[in-house]
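Working notes for the structure below.
Numbering (the working numbering), first residue to last: 14 to 255.
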């Protein structure tokens, strides 16, 4: 019987997962992975997020960058969210301000997860706890063994995205109709956000998947001068007294 082998990122050493994997009979090799937390085949890397990790990576934009790296280097990446997603919000007995904040948080997370699933086409699996996660990882390796996709070296030479590049991608992906995949292609083509933002519509349209219509829309937004100041929607009591 072929042993189940999983490459584990060094940062996961402190979690319970590696020990649980070994209890299940898996061989765990630790390495400083540039992309993903677990590599189970040449095609599949898994990014594991606890609920706390998910919140932080959504707020700082890191999750979308990680997804971009996953699809760039692996054909079948997976995102595992470990924990009860319902814990993101518990409005029982909460103040109105807290409930509003919870709703905004959930909207942001749902929007980001929608991008992960639809834009990057990465499957998202929710596991309730660490034991379930480890069982799922072993099952996925066995599936790869059945398909014969885990042959060859598991580790790849990958250049890690630096923090500056994360901010650059965040700027470009905020453009209307661009998103994260096109932001990566823009940065690859023009090397800096400044060059990308000053590129002509024709230059933008030559980026694979960009198209003329999107390029014209981006240029229209960037070149528009019709700024109008926005008046406050409601005057305060102090304004009324003055």
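By construction, the Cβ of each residue, glycine as well, lies at the ideal position given by its N, Cα and C atoms.
Please read all numbers here as calculations on a predicted model, not as lab measurements.
Looking at C-beta atoms only, is the number of pairs between the segment 198-208 and the segment 85-96 that lie closer than 8 Å three or more? no
Going by Cα to Cα distance, which pick from 42, 217, 34 is closest to residue 153? 34
Within 8 Å, do at least three Cβ pairs link the segment 25-41 to the segment 64-83? no
For residue 63, which residues in the same chain have their Cβ closer than 6 Å to its Cβ, ignoring the five residues on either side in sequence? 95, 96
Specify the secondary structure class of residue 56 as computed by DSSP and reduced to three states. coil
Do the segment 41-48 and the segment 139-149 meet, that is, are 3 or more Cβ pairs less than 8 Å apart? no
How far does the beta strand (DSSP E) with residue 18 in it extend, from its first residue to its last? 18-22
If residue 183 sits next to residue 49, beta carbons under 8 Å apart, how far is it from one beta carbon to the other, in whole angstroms? Wrong, their Cβ atoms sit about 21 Å apart, outside the cutoff.
Whole-Å CB distance - residue 203 paired with residue 212, under 8 Å assumed: 6 Å
Contact under 8 Å by Cβ, residue 77 with residue 193: yes
Of all the CB atoms in chain B, is at least one closer than 8 Å to the CB of residue 140? Although the question refers to chain B, the structure presented lacks it and comprises just one protein chain.
May I ask you to report which of helix, strand or coil DSSP gives residue 44? strand
Cα separation between residue 26 and residue 51? 11 Å
Going straight from the alpha carbon of residue 81 to that of residue 208, what length do you get? 21 Å
Does residue 92 come out as helix, strand or coil in the three-state DSSP assignment? strand
With DSSP run on the structure shown, which of helix, strand or coil describes residue 179? helix
Quick one: give me the first and last residue of the beta strand (DSSP E) that residue 137 is part of. 137-140
So is residue 57 buried or exposed if we call it buried at 16+ other beta carbons inside 10 Å? buried
Under three-state DSSP, which class holds residue 51? strand
Please list, in chain order, all residues of the same chain as residue 85 whose beta carbon is under 7 Å from its beta carbon, the five residues on each side excluded. none
Near residue 137, which residues of its chain fall below 7 Å by C-beta distance, leaving aside the five closest residues on each side in sequence? 92, 94, 126, 129, 130
Quick one: what does DSSP say residue 63 is sitting in, helix, strand or coil? strand
Extent of the continuous alpha helix (DSSP H) to which residue 155 belongs: 143-160
Do you know how far the Cα of residue 232 is from the Cα of residue 142? 47 Å
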